[in-house]
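In the working numbering, the protein residues as written are 484 to 735.
In this text, a Cβ means the ideal position worked out from N, Cα and C, and glycines have one as well.
Have a look at the structure below before the remarks.
What follows is the structure, encoded as structure tokens:
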């Protein structure tokens, strides 16, 4: 892992890094992060590791919850070049959406391919983060992400014993994803945009039901695919703090 830049603002140190072909960012408290839980965040499809909403949530987790936070670009996103194959999927998706045709089958194929490639990258990233002295191998680990990041996170959490708690949501459901949910036993929060025009509620209910977790909570909010209210960030911060060993103010 090679750190390329470092900036600091509002009590948060931000460091960009490169790990092979992976591009990522690490946020930590200015006052030191030794022993802090590690929160891993994925981004949505078409976005990147420094999308505005993701950065805002990362700063909240650092300053309010005392976490160290890391994010990486999915293959073909952010600072990573897009392959010809990924370009065809994106073109097909845009054409279908413009024509008013269902995009679900295209998104499922594309996200499935991205997850297959991204899961080993997240594993390598976590290995490298745990090798840093300020994080170490014993830091409790959480994961959160919506849409594409949920597809990746579900497939990863099903096989990754180092993840202690996770937040997912807003995801196109397919058989392999449901099977992955059946392998997940850690505490889970699942966010369901109630008025999502692209993903039907019933598939979200079925995926939530498939989680094998003894502790799982479904949060349904009015709004479309990307309309997740900010208070869900505050709730998730409290959720992660409880399971990763931190004490933070309860959400209002």
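(request) Identify every run of the beta strand (DSSP E) within the region 516 to 559, keeping only runs that are complete inside it and at least 3 residues long; order them along the chain. (result) 521 to 524, 551 to 555
(message) Can you tell me where the alpha helix (DSSP H) holding residue 492 begins and where it ends?
(response) Unbroken run through residue 492 is the beta strand (DSSP E), 485 to 492; no alpha helix (DSSP H).
(request) Can you have a look at residue 720 and say buried or exposed, based on whether 16 or more other CB atoms are within 10 angstroms of its CB? (result) buried
(request) Give every residue of the same chain whose Cβ lies closer than 8 angstroms to the Cβ of residue 575, excluding the five residues on either side of it in the sequence, and list them in chain order. (result) 589
(request) Can you tell me which of 535, 631, 726 puts its alpha carbon nearest to the alpha carbon of residue 600? (result) 631
(message) Check whether the region 695 to 712 and the region 668 to 683 touch, using three or more Cβ-Cβ pairs below 8 angstroms as the test.
(response) yes
(message) If I measure Cβ to Cβ from residue 548 and keep anything under 6 angstroms in the same chain, skipping five residues before and after, which residues do I get?
(response) 720, 724, 729, 731
(message) For residue 712, count the other beta carbons within 10 Å of its own beta carbon; 16 or more makes it buried, fewer makes it exposed. Which is it?
(response) exposed
(request) For the region 657 to 666 and the region 613 to 627, state whether three or more C-beta atom pairs, one from each stretch, are separated by less than 8 angstroms. (result) no
(message) Taking 8 angstroms as the threshold (C-beta atoms), are residue 569 and residue 532 in contact?
(response) no
(request) Can you check DSSP and say which residues form a bridge with residue 672? (result) 650, 700
(request) Spatial neighbours of residue 655 within its chain, please: CB distance less than 7 angstroms, with the 5 preceding and 5 following residues excluded, ordered by chain position. (result) 587, 590, 591, 594, 682
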